[in-house]
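What follows is a set of notes on a single structure, which appears directly below.
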Amino acid sequence: MKVSYRWLSEYVDVNGFTAEELAEKLTRSGIEVDIVEDRNKGVTDVVVGYVKSREKHPDADKLSVCVVDVGQGEDLQIVCGAKNIDAGQKVPVAVVGAVLPGDLRIKRAKLRGVESQGMICSAKELGLNDKLLPKEIQEGILVLPADTTVGSSILDVLAIDDKVLELDLTPNRSDCLSMLGAAYEIAAILGRGVKLPDAEGALAAAGSSGVLAAERIGVGITAAEQCTHYAARLIEGVRLAPSPLWLQNRLMAAGIRPINNIVDITNYVMLEYGQPLHAFDADKLDNGRIDVRLAAAGEKLVTLDGVERTLEPHMLLITDGVKPVALAGVMGGENSEVTEGTTRILLESARFAGSSVRKTSRQLGLRSEASLRFEKEVNPEAVLPALNRAAALMAELAGGQVAEGIVESATADPKSTRIALSLARINGYLGTELTLDEVIAIFDRLHFAYVKEDDNRLVVHVPSRRGDISRDVDLIEEVARLYGYDNIPTTLMTGVTTPGSLTKEQAVRRIVRNILTQSGLHEVITYSFTHPDQTAGFPGLYPEAKPIALAMPMSEDRATLRTSLVPHLLEVVSYNRNRNNDDVAIFETGKVFVTDEAQITTLPQEKLLLSIVLTGKRRQASWAQKAENVDFFDLKGIFERLIGYLGIEGLEYAAGTPQSFHPGRTAELFLNGPVIGRVGQLHPALQQARDLEDTYVLEVELEPLIAASSGAIAYKLLPRYPAIGRDLAVVVDAAVPVGAMEQSIREVAGDLLESIQVFDIYTGERLGASKKSVAFALIYRHADRTLQDEEVTALHANVVSELAGKYAAELRK
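Just so we're aligned, residue 682 is where the sequence shown starts under our numbering, counting upward by one.
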């Protein structure tokens, strides 16, 4: 928000404070001022001149010799090269001795033999942003209105002798998106009053057309939730013309380009009150009335920018009962635009739901100063004051006659905010010793009404312009701001303190990240949104889950919520392979979204998953070794290292054939019962479709692992007594799981078995087509004594007997 110092001074007395000092006070009170811009870029001694005559230069086709009256008694002869210079104009003239931006000093000069006693200036030469000027005067010299006083300083005429404070407003301080809002803030800081515009008095002075507005126009609201108040006035007999210079200057100081008196008045009042307005050509409204309703699906409207918009049912429309004439709060329609032939104005002032305007403006890419203020619902009670103010200005500046009465419709009244506040709570929060009188003085400066209940308690009525205040702590913040943060003493904190720590989930996720990165993997973070085909191609752990479509997807490729992390990890692999990085080892921890409902009625489940993808080489070739590709057991080993570090027991593997996995190289993971994940190679068809080499994938639910994790590292002493090793090779049916045999050995051997390792699996013709040989290396040890060979032999015999009885295992000869 850009705040003109000169304009601000009309509402609040700022005498004794420069613009820079106000900026400092605003920043210290919580509203940061980015910059204080001086509108005078270095202009001195430039005055208004009247061009009495213009003759062609005798020796130059593109130059003119002008005689100019600058109110100094003597006319000046000035040579000018502008195409648009002509007799009878009033123009800015830099007399001899004047200085222009860039330290350009004006001297007497001869141009092609003709003396020139000054310079007739363009807007750009005066340091103005000429893009904010009306288009017809952006080029050539600046032509001033005919009623401008000859000899007056251009600094006063163009309000260049001014400074503009650019406020960097946080979202909660939308009240300062208006000059009056900024005035209330400055007045509170300085402890001074606020002078409001007398719109009612101006309307009364202008008189009325004698016509009752209610007899000519009507207002109805169908979309009650999206529009709670709509008011309109009828102004007849208006004449479109350029706005007076003072109005144009104020708009340009705020960064808005003047257009014509009607449009400029609506913009001016919007900046003044924070309430956007819109002017319709009343003669272009078919039924002479306004209906506020939601759009029909596929309904169309050509907006003021000439673009045909296809509307959706959530978009709020202003209609005349026959056709749409505006997108509420966003942009007017071309079919009701105010043009040079307009004589009757229907002036709109309304309160639209911020969420409705925000959704429509973002979807259509139409953001404006008006939509910004509607989105933030700046001041619900400014609807009628702003309407009256604009109507009075149209009567004054456009020659209009205002019809009697306001035609309006309301579906809800603005909510009143009253907050109880105790002195003890204020001082307890701030660490101060303020008295109730000091607090009351601050609320008086803020123009907040209040009721004093007793010597320790107030009930404060918060004006509607301060929508950011809804709780007592908000009021305490206001007290702190205006009392002065610098004045609040430093005090020690009191109360119970709790040392910070990680939750178990946070701790385990951190361990997962550390272990996997130490194992050579890179962590990636991918979108939670995906394409429906991605889910169909790799359903992951939840093949029965229904896709959850987004209401407003950012693109077609991000239209549904993911049910697996793997598809996007495969995209990362493809991205790397396309850039000649074929060896990829990555992982991601994140949430997927699962539901069995085709049409969502309840929130989906959020499942926390860990996914790992390996492809390429485990080891590069060198003079001493061959290259080796990663395989299933690389991935399994990385995961088992993680499981071991987390202290999780009871994890089991079983062969499986889930969708999108290789049918012979995939295992399902079980933890104390249910399946929690899968590890294996991608299906060859999926690899081929994605142009991948052999790729190995693990996806597992993290929540069961977090629950089973011990959360602590266990230490044990180095063994003091010797171990006894035994090797065991048995022949069993090829279908017997090695893991089941290993578990049986552990159960029989008990605590004396220190470790077990499978060191060989053999299949061949000598054993038969349906047989395999499995060799185990067993280490026995007792923690407190030396084992006897006889007891190890007996225990080992029990192991052999268990395998023979349970799995029909035979010792390999």
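Positions of the beta carbon are idealized from the N, C-alpha and C atoms, including for glycine. Predicted model only: the values in this text are computed from it and were never measured.
*Secondary structure at Asp-1432, three-state DSSP: helix, strand or coil?*
Within the sequence shown, numbered from 1, the residue matching residue 1432 stands at position 751. Three-state result, Asp-1432: helix.
*Ser-1037 lies in the alpha helix (DSSP H); which residues open and close that run?*
The residue you call residue 1037 lines up with position 356 of the sequence shown. That run of the alpha helix (DSSP H) goes 1035-1045.
*Taking one C-beta from the region 985-995 and one from the region 916-930 each time, how about it: are there three or more such pairs within less than 8 Å?*
no
*Confirm, please, whether the CB-CB distance from Glu-1204 to Arg-1194 is below 8 Å.*
As a working note, residue 1194 is residue 513 in the sequence shown. As a working note, residue 1204 is residue 523 in the sequence shown. Closer than 8 Å, so yes.
_Close-in-space but distant-in-sequence residues of the same chain around Ile-1329 (CB under 7 Å, 5 per side omitted)_ = Looking up residue 1329 in the sequence shown gives position 648. Contacts found: Leu-1386, Ala-1389 and Ser-1390.
*Leaving aside the five residues before and after Ser-889 along the sequence, list all residues of the same chain whose C-beta is less than 6 Å from its C-beta, in chain order.*
Looking up residue 889 in the sequence shown gives position 208. Excluding positions up to five away in sequence, the list reads Val-1083 and Glu-1085.
*Please name the residue or residues paired with Lys-683 in a DSSP beta bridge.*
As a first step, residue 683 is located in the sequence shown; it is residue number 2 there, counting from the start. In the DSSP output, where bridge partners are listed per residue, Lys-683 has Glu-847.
*asked:* Within 8 Å of any Cβ in chain D, is that where the Cβ of Gly-1013 sits?
replied: The structure shown contains no chain D; it is built from a single protein chain.
_Boundaries of the beta strand (DSSP E) in which Ser-1103 is found, first to last residue_ = Along the sequence shown, read from residue 1 onward, the residue named residue 1103 stands at position 422. Note, Ser-1103: beta strand (DSSP E), 1098-1103.
_Restricting to Cα atoms, I'd like to know which of Gln-798, Asn-721 and Val-1417 is closest to Lys-1452._
Taking the first residue of the sequence shown as position 1, residue 1452 is located at position 771. Ranking Gln-798, Asn-721 and Val-1417 by Cα distance to Lys-1452 puts Val-1417 first.
*asked:* Would you call the region 1068-1076 in contact with the region 878-888, where contact means no fewer than 3 C-beta pairs closer than 8 Å?
replied: yes
*Proximity below 8 Å, CB of Ile-1100 to CB of Leu-1163*: On the sequence shown, position 419 is the one that residue 1100 refers to. On the sequence shown, position 482 is the one that residue 1163 refers to. Cβ distance not < 8 Å, so Ile-1100 and Leu-1163 don't count as in contact.
*Looking only at its own chain, which residues have a Cβ that is under 6 Å from the Cβ of Ala-960, when we skip the five neighbours before and after it?*
Counting from one through the sequence shown, the residue named residue 960 turns up at place 279. So the qualifying residues of the chain are Ile-943, Thr-947, Val-1019, Ile-1026 and Leu-1028.
*Count the other CB atoms within 10 Å of the CB of Ala-977; is the residue buried (16 or more) or exposed (fewer)?*
As a working mapping, residue 977 is identified with position 296 in the sequence shown. Looking at its Cβ environment, which holds fewer than 16 other Cβ atoms inside 10 Å, Ala-977 is exposed.
*Which of helix, strand or coil DSSP assigns to Gln-956*: In the sequence shown, the residue the question calls residue 956 occupies position 275. In the structure shown, Gln-956 sits in coil (DSSP, three-state: anything other than H, G, I, E or B).
_With a threshold of 8 Å on Cβ separation, who are the neighbours of His-1128 within its own chain once the five nearest residues in sequence on each side are excluded?_
Reading the sequence shown from its first residue, position 447 is the one you call residue 1128. Counting only Cβ-Cβ distances below 8 Å, and skipping sequence neighbours, we find Tyr-865, Ala-868, Ala-869, Val-875 and Pro-1144.
*Do the region 697-708 and the region 825-835 touch if we need at least three Cβ pairs shorter than 8 Å?*
no
_Buried versus exposed call for Ile-1394 [16 or more other C-beta atoms within 10 Å across all chains shown]_ = Start at 1 with the first residue of the sequence shown, and residue 1394 comes out as number 713. It is exposed - the Cβ of Ile-1394 has fewer than 16 other Cβ atoms within 10 Å.
*Cβ of Pro-1344 within 8 Å of Cβ of Arg-1359?*
In the sequence shown, the residue the question calls residue 1344 occupies position 663. In the sequence shown, the residue the question calls residue 1359 occupies position 678. Their beta carbons are not under 8 Å apart, which means Pro-1344 does not touch Arg-1359 by this criterion.
*asked:* Let's test the definition: count the other Cβ atoms within 10 Å of the Cβ of Lys-788 and tell me whether it reaches 16, buried, or not, exposed.
replied: By one-based count along the sequence shown, residue 788 stands at place 107. Exposed: under 16 other Cβ atoms inside 10 Å.
*How would you call Glu-1472, buried or exposed, if buried means at least 16 neighbouring beta carbons within 10 angstroms?*
Locating residue 1472 in the sequence shown gives position 791, where the first residue counts as 1. Looking at its Cβ environment, which holds fewer than 16 other Cβ atoms inside 10 Å, Glu-1472 is exposed.
*Go ahead and pull the three-state DSSP assignment for Gly-1358.*
As a working mapping, residue 1358 is identified with position 677 in the sequence shown. Of the three classes helix, strand and coil, the one that applies to Gly-1358 here is strand, per DSSP.
_My output table needs one value for Gly-1420: the three-state DSSP class, helix, strand or coil._
Counting from one through the sequence shown, the residue named residue 1420 turns up at place 739. If DSSP states are grouped into helix, strand and coil, Gly-1420 belongs with the helices.
*Use the C-beta contact count for Ile-716: other C-beta atoms within 10 angstroms, 16 or more gives buried, fewer gives exposed.*
Residue 716 sits at position 35 when you count from the first residue of the sequence shown. Under this definition Ile-716 is an exposed residue.
*Would you check if the distance between the CB atom of Ala-895 and the CB atom of Arg-914 is smaller than 8 Å?*
In the sequence shown, the residue the question calls residue 895 occupies position 214. In the sequence shown, the residue the question calls residue 914 occupies position 233. Cβ atoms of Ala-895 and Arg-914: not closer than 8 Å.
*Given Leu-858 as reference, the closest of Asp-1264, Ser-1052 and Glu-1015 once Cα atoms are compared*: Taking the first residue of the sequence shown as 1, we reach residue 858 at position 177. The candidate whose alpha carbon is nearest that of Leu-858 is Ser-1052.
_Quick check on DSSP: helix, strand or coil for Cys-908?_
Translated into the one-based positions of the sequence shown, residue 908 becomes position 227. Three-state result, Cys-908: strand.
*Taking the Cβ atom as the reference point for each residue, do Val-1419 and Leu-1492 lie within a distance shorter than 8 Å?*
Taking the sequence shown and counting its residues from 1, one reaches residue 1419 at position 738. Taking the sequence shown and counting its residues from 1, one reaches residue 1492 at position 811. Cβ atoms of Val-1419 and Leu-1492: not closer than 8 Å.
*Compute the minimum distance between the beta carbon of Val-973 and the heavy atoms of the ligand GDP, and state whether it is under 7 Å.*
Looking for the ligand GDP in the displayed structure turns up nothing, as the structure carries no ligands at all.
*Entirely within the region 864-933 and at least 4 residues each: give me those alpha helix (DSSP H) ranges in chain order.*
880-887 and 894-897
*Could you tell me if Val-646 is buried or exposed, where buried requires 16 or more neighbouring beta carbons within 10 angstroms of its beta carbon?*
The structure shown does not extend to residue 646, since the chain is modelled only from 682 through 1494, so no value can be given for it.
*Let me know the secondary structure DSSP gives Gln-1438 once reduced to three states.*
For the purposes of this step, residue 1438 is taken as the residue at position 757 of the sequence shown. Gln-1438 falls in the strand class under three-state DSSP.
*In DSSP terms, what Gln-1301 is bridged to*: As a first step, residue 1301 must be located in the sequence shown, where it is residue number 620. Note: Gln-1301 sits in no beta bridge, so no partner.
*Locate the alpha helix (DSSP H) running through Phe-1274, then write down its first and last residues.*
Along the sequence shown, one-based indexing puts residue 1274 at 593. Here Phe-1274 belongs to no alpha helix (DSSP H); instead the beta strand (DSSP E) covers 1265-1275.
*Can you tell me whether DSSP reads Asp-1238 as helix, strand or coil?*
To locate residue 1238, count along the sequence shown from 1; it is residue 557. Looking at Asp-1238 - three-state DSSP - the assignment turns out to be helix.
*asked:* In this structure, how does DSSP classify Glu-1021 when only helix, strand and coil are distinguished?
replied: Here residue 1021 corresponds to residue number 340 of the sequence shown, with the count starting at 1. Coil, per DSSP.
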